[in-house]
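Visitor: Residue numbers (my numbering): 2 to 214.
For glycine and all other residues, C-beta sits at the position ideal for the given N, C-alpha and C.
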């Protein structure tokens, strides 16, 4: 099966267009956008701000891949500054719910909810590229309205913080009090520090022999 990639010219990329992959098959040509083609290889991207629409698309992809093959790993590539806690938790819960192992890979950055999702991959299958960065911190909110409403929202964000800290402690192996201390303010880590902290299991510099994912 021969393949060629179209639309790689800088002028096309600068317009925000997605490159297309054209495959020659026995039935003729078939074209995919690059992300759909990678989805066939069980690769899912968490890129940019974590918000409801993006999270719903990722959840749908995870559920689809489980239905296609519940015994084959799914590869989640993360390059995200974080975003909505509830949107991120919908992705996280789906990762834990479905049967396939979830391999996570940080490229670029995995900050805030991005770092949380990175740590939530299957133990032993969480990776980081050598120049990627991670950042953990406590959730933030912008409460507005009457004093009672602000008080309600403040209590809710404290509940969420406690829940996220407990889950992060579980995935990293760090004591809860360490997570609570380190997330009081932004804590940035390079790849090796992320491994030492327990956010990832390995820092990878090259694809292993025989691997295509």
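Rounding to the nearest angstrom, what Cα-Cα distance links residue 81 and residue 107 in this structure?
Guide: In the chain shown, the residue the question calls residue 81 occupies position 80. In the chain shown, the residue the question calls residue 107 occupies position 106. Distance between the alpha carbons of residue 81 and residue 107 is about 9 Å.
Visitor: Report the partner residues of residue 172 according to the DSSP bridge assignment.
Guide: Along the chain shown, one-based indexing puts residue 172 at 171. Residue 172 is not bridged to any residue.
Visitor: Using a Cβ-Cβ cut-off of 6 Å (strictly less than) and excluding sequence neighbours within five positions of residue 196, which residues of its own chain qualify?
Guide: In the chain shown, the residue the question calls residue 196 occupies position 195. The answer, listed in chain order, is 204.
Visitor: I need the DSSP call for residue 57, collapsed to helix, strand or coil.
Guide: Looking up residue 57 in the chain shown gives position 56. Note: residue 57 maps to helix in three-state DSSP.
Visitor: CA-CA distance, residue 153 and residue 146?
Guide: By 1-based counting over the chain shown, the position of residue 153 is 152. By 1-based counting over the chain shown, the position of residue 146 is 145. Looking at the two C-alpha atoms, the distance is approximately 11 Å.
Visitor: Just curious, the alpha helix (DSSP H) that residue 92 is in, first and last residue?
Guide: In the chain shown, counting from the first residue as 1, residue 92 sits at position 91. Counting along the chain, the alpha helix (DSSP H) containing residue 92 begins and ends at 86-98.
Visitor: Report the rounded CA-to-CA distance for residue 59 versus residue 45, giving the unit in angstroms.
Guide: Along the chain shown, one-based indexing puts residue 59 at 58. Along the chain shown, one-based indexing puts residue 45 at 44. The straight-line gap from Cα to Cα measures roughly 7 Å.
Visitor: Which residue from 111, 125, 132, 38 puts its Cα closest to that of residue 89?
Guide: Position 88 of the chain shown, counted from the start, is the residue given in the question as residue 89. Of the listed residues, the one whose Cα sits closest to residue 89 is 111.
Visitor: What residues are listed by DSSP as bridge partners for residue 189?
Guide: One-based indexing of the chain shown puts residue 189 at position 188. Per DSSP, 136.
Visitor: Specify the secondary structure class of residue 1 as computed by DSSP and reduced to three states.
Guide: Because the chain is modelled from 2 through 214, residue 1 falls outside the range shown and cannot be assessed.
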